[in-house]
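I have placed the structure first, in the form of structure tokens, so that the comments after it can refer back to it.
Protein chains: 2
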Amino acid sequence: MAEKKLVESITSMDVDFAQWYTDVVKKAELIDYTSVKGCMVIKPAGYALWENIQKNLDAMFKETGVENVYLPLFIPESLLQKEKEHVEGFAPEVAWVTHGGLNELQERLCVRPTSETLFCDFYKNDIHSYRDLPKVYNQWCSVVRWEKETRPFLRSREFLWQEGHTAHASLEEAEERTIQMLNVYARFCEEVLAIPVIRGQKTDKEKFAGAEATYTIEALMHDGKALQSGTSHNFGDGFARAFGIQFADKDNKLKYVYQTSWGMSTRVIGALIMVHGDDSGLVLPPKVAPVQAAIIPIQQKKEGVLEKAYELQERLKGSFRVKVDDTDKSPGWKFSEQEMRGIPVRVEIGPKDIEAGRCVICRRDTREKTEVSLDGLEKALSEILGKMQSEMLERARRHMDAHTYSAADMDEFERLFTEKAGFVKAMWCGDQACEDIIKEKLSVTSRCIPFEQEKIADTCVCCGKPAAKMVYWGRAY
Amino acid sequence: MAEKKLVESITSMDVDFAQWYTDVVKKAELIDYTSVKGCMVIKPAGYALWENIQKNLDAMFKETGVENVYLPLFIPESLLQKEKEHVEGFAPEVAWVTHGGLNELQERLCVRPTSETLFCDFYKNDIHSYRDLPKVYNQWCSVVRWEKETRPFLRSREFLWQEGHTAHASLEEAEERTIQMLNVYARFCEEVLAIPVIRGQKTDKEKFAGAEATYTIEALMHDGKALQSGTSHNFGDGFARAFGIQFADKDNKLKYVYQTSWGMSTRVIGALIMVHGDDSGLVLPPKVAPVQAAIIPIQQKKEGVLEKAYELQERLKGSFRVKVDDTDKSPGWKFSEQEMRGIPVRVEIGPKDIEAGRCVICRRDTREKTEVSLDGLEKALSEILGKMQSEMLERARRHMDAHTYSAADMDEFERLFTEKAGFVKAMWCGDQACEDIIKEKLSVTSRCIPFEQEKIADTCVCCGKPAAKMVYWGRAY
């Protein structure tokens, strides 16, 4: 049966989660592979998702006073090298341009892996006085990191993202902005993407190259692995000193600025897929779905059916993102496609429905069907989509909670990472050596030191020395 | 006087137009130069302009069925070389990536100067049947061309643009799409940017590398020089044959697709500046201005003035893009800044105005002041902005018409290009040799063979042989 073919074309999550993921990104037509190793084509369904992410996140940024700019794609080698830790972190994974046209360049340029150094070079000339502060700039662009192993959305040699870069007159203000943007990311993930996250600080081992402090939001995927979904860095005055970014303060003294940066990328599309998806394909939260309702005519060759479907589309399109599926495929096949693409609801309308002045709304996530009077369609649709949005978040939160464990000692810690998959909360002494041992032994990394601390035990889960912090640990993408 | 300083800081257009342009882009804070030769920073005022251009143009695209995608930044050398004319046109001006991380690449990658070859490589795998056609894809991205001489917005090594790439089942449909998108560009320039354009076809000498036909919109800048502002190309099946892009048609036969591409870039910001600007700075059309109205409080330290200004901002911000200038600068200085930045109108409000329940609206382009009752502010503002938008187009059209000349013979042609600056309409035999002679002699190029043909004479303005077409000639950016 044609109806079954589409679903059967993807591997079940429980059989092979990685293969399920690869199948879904391909069958839902989010991406395609290219002749350029490690780079992908983001197809219309994938890009429309990114456009909605951009639109929502950009509006949240602007509410906090962010202004968008665009800086060059290339970074001269000498500029990249100005901040020592930063260049050590990034140089091994950048792409180098050595020739422009027919000539060899005098100085190699790297394709930006991130733009701290360019923003510093820009701010150095743009900031003179306290009146020029703060600078709260952001850019939407692509960046390149020469990864060896790549996976669609999760790790690719080129990816799309936004990178915010700010400069402030005081360390306190910089820290405030760092946390503010982390909270924007957390709110965006929960309210728009329906993905619950753990907010916290990275350990020194895991922090960004050149940062004084890196904050992160960590999400839990359906398979129990963690995905770092957004990060926000406080650089203190480290970059300012390396680049000489000074301003005349109100007291007429020259001072260094304090800087932050923060980024979220097309990786979150990977999170969307792996948090909400099921064996029939994608499940998209209504707020970010490119199409929120697929109108599917039943017996569309019968007189008046297609016309009614178009009429509903016209009626709804001012308030919802709707699309009639008027292809000559069977309704069952159309249902499968709507499910594979994760369209939040389908509106089924056939001759009998038209006669009775009603239609059927079927939710993608629960498959729950509701018979709705055509008169009250807008209201019903709005309620169902709203309910679906909040229930998706609740469901994901229940999953995260159910897969978050605590370990007081190493035996329990090992047992959990052997038998279960999820976050494990455990105490840590603060010594990187323990992180190294845990990573070596279990392929587990510290995900974050959460803002909401708990006391699981008195001693470090690894070395038994007095505990300094509670840490979320996990296997990560 | 402080009030005069800002205006005096820019060169007068009549003294040195090129310097005026450079001064304006810098003083209006649209761009900044960088350590990366030939690349620029697009600052918030410049980028907000680009965002509005994107938003308007993207909506027009989507109305015609365009879907957005994202393809890789890099093109393998072997892929670029598949279409002979195309590679000859672009290879001399591309940037080459030779190293990824610490290793030399097996094959060089160029940073995309345009993405025809990548779209072809993608379409080759994505198109199988007539059911997959047409493909009407577009991407917003940056491209790189290793130019020797650069100028902000007009010619830079990296610039932002959109590039549409389509595939069709027939040549007729491809031609229709090529013209359709040219018309979208023309409508966008006239309705949104208030820039009148001449639509026409490029001669073979000036067409895009690999195209069968290139169509263009040409605008006339204030100094009488032409600016190519958008192009649309019909490739026939040339690329499809080079890349093997075939589909099974309804008759079950394998056929090659027909393709088009079309692009508009940050160059149009250069056009905006050079068509509308004056000796006080930018003049932005209301539809695309990041801030449409600057609310400038007069005697803002007096009680209630700033509060009233904020109140008006709150009232207006749902319908207009408004901003109170509450800095501690003098009103005169604020006026100068509003003028330099090209903000369409300023709303002046002081203690006497508040008492009388009115304010003064001053237009940027004509400096015309209107006293307006606060009760009717929305209506008045809407009318004034609407009028300004249409009058800016009319004014620019009058300028273009007044600087469009006709020449029946070479003497007249030479005299016009010596004494005047603008478009010259003249007949052409169709032979590239005549274009070469004219370019050599007068640094003048054929801008386009306009859709609206006129008969200026019977013979070619250059060689005297029978004329084939009337051509717009000009000196171009």
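Going down the list, the sequences are from chains A and B. Be aware that the first sequence starts at -15, since it is given in this note's numbering, and climbs by one per residue. Be aware that the second sequence starts at -15, since it is given in this note's numbering, and climbs by one per residue. Beta carbons: idealized from backbone N, C-alpha and C, even for Gly. All values reported here derive from a predicted model rather than from experimental measurement.
Straight-line Cα distance separating residue j from residue i
i: residue 242 of chain B; j: residue 407 of chain B; result: 34 Å
i: residue 127 of chain A; j: residue 23 of chain A; result: 11 Å
i: residue -10 of chain A; j: residue 449 of chain A; result: 55 Å
i: residue 155 of chain A; j: residue 50 of chain A; result: 19 Å
i: residue 30 of chain B; j: residue 340 of chain A; result: 56 Å
i: residue 459 of chain A; j: residue 257 of chain A; result: 18 Å
i: residue 144 of chain A; j: residue 124 of chain B; result: 12 Å
i: residue 249 of chain A; j: residue 413 of chain A; result: 32 Å
i: residue 211 of chain B; j: residue 196 of chain A; result: 48 Å
i: residue 285 of chain A; j: residue 311 of chain A; result: 11 Å
i: residue 381 of chain B; j: residue 260 of chain B; result: 11 Å
i: residue -15 of chain B; j: residue 314 of chain B; result: Confidence is the limiting factor: at residue -15 of chain B the pLDDT is only 39, short of 50, which leaves the residue's position unreliable, though a coordinate-based value still follows. Looking at the two C-alpha atoms, the distance is approximately 11 Å.
i: residue -7 of chain A; j: residue 106 of chain B; result: 22 Å
i: residue 12 of chain B; j: residue 27 of chain B; result: 10 Å
i: residue 288 of chain B; j: residue 308 of chain B; result: 14 Å
i: residue 343 of chain B; j: residue 146 of chain A; result: 41 Å
i: residue 95 of chain A; j: residue 455 of chain A; result: 35 Å
i: residue 347 of chain A; j: residue 65 of chain B; result: 49 Å
i: residue 328 of chain A; j: residue 171 of chain A; result: 21 Å
i: residue 305 of chain A; j: residue 32 of chain A; result: 12 Å
i: residue 433 of chain A; j: residue 161 of chain A; result: 19 Å
Boundaries (first-last residue) of the alpha helix (DSSP H) holding residue i
i: residue 382 of chain A; result: 361 to 386
i: residue 357 of chain A; result: No alpha helix (DSSP H) holds residue 357 of chain A; the beta strand (DSSP E) holding it covers 353 to 357.
i: residue 402 of chain B; result: 394 to 403
i: residue 454 of chain A; result: No alpha helix (DSSP H) holds residue 454 of chain A; the beta strand (DSSP E) holding it covers 453 to 458.
i: residue 289 of chain B; result: 289 to 300
i: residue 178 of chain A; result: Careful: residue 178 of chain A lies outside any alpha helix (DSSP H) and carries neither H nor E.
i: residue 416 of chain A; result: 416 to 426
Sheet register partners of residue i (DSSP bridge)
i: residue 244 of chain A; result: A:150, A:218
i: residue 123 of chain A; result: A:147
i: residue 142 of chain B; result: B:128
i: residue 192 of chain A; result: DSSP output for residue 192 of chain A lists no bridge partner at all.
i: residue 407 of chain B; result: B:388
i: residue 185 of chain B; result: B:199, B:433
i: residue 135 of chain B; result: B:139
i: residue 266 of chain A; result: Looking at the DSSP assignment, residue 266 of chain A forms no beta bridge with any residue, so it has no partner.
i: residue -4 of chain A; result: In DSSP, residue -4 of chain A forms no bridge with anything.
Assigned exposure category for residue i - 16 Cβ within 10 Å defines buried
i: residue 224 of chain B; result: buried
i: residue 442 of chain A; result: exposed
i: residue 52 of chain A; result: buried
i: residue 92 of chain B; result: buried
i: residue 363 of chain B; result: exposed
i: residue 321 of chain B; result: buried
i: residue 296 of chain B; result: buried
i: residue 387 of chain B; result: buried
i: residue 435 of chain B; result: exposed
i: residue 90 of chain A; result: exposed
i: residue 112 of chain A; result: exposed
i: residue 427 of chain B; result: exposed
i: residue -1 of chain A; result: exposed
i: residue 337 of chain A; result: buried
i: residue 373 of chain B; result: buried
Unbroken beta strand (DSSP E) run spanning residue i, endpoints
i: residue 253 of chain A; result: Note, residue 253 of chain A: premise wrong, no beta strand (DSSP E); alpha helix (DSSP H) at 251 to 260.
i: residue 431 of chain B; result: 429 to 434
i: residue 174 of chain B; result: It is not in any beta strand (DSSP E) - residue 174 of chain B instead sits in the alpha helix (DSSP H) that spans 155 to 175.
i: residue 283 of chain B; result: That residue, residue 283 of chain B, is in no beta strand (DSSP E); it is neither H nor E in DSSP.
i: residue 232 of chain A; result: 230 to 232
i: residue 307 of chain B; result: 306 to 308
Report the residue ranges of all alpha helix (DSSP H) runs contained in full by the segment 317 to 351 of chain B; include only those spanning at least 4 residues, in chain order.
-> 335 to 340
Contiguous beta strand (DSSP E) assignments of at least 3 residues, all confined to the segment 80 to 107 of chain A | 87 to 95
Which ranges would you report for the alpha helix (DSSP H) in the segment 8 to 91 of chain A if only whole runs of at least 4 residues count?
-> 28 to 47, 61 to 64, 68 to 74
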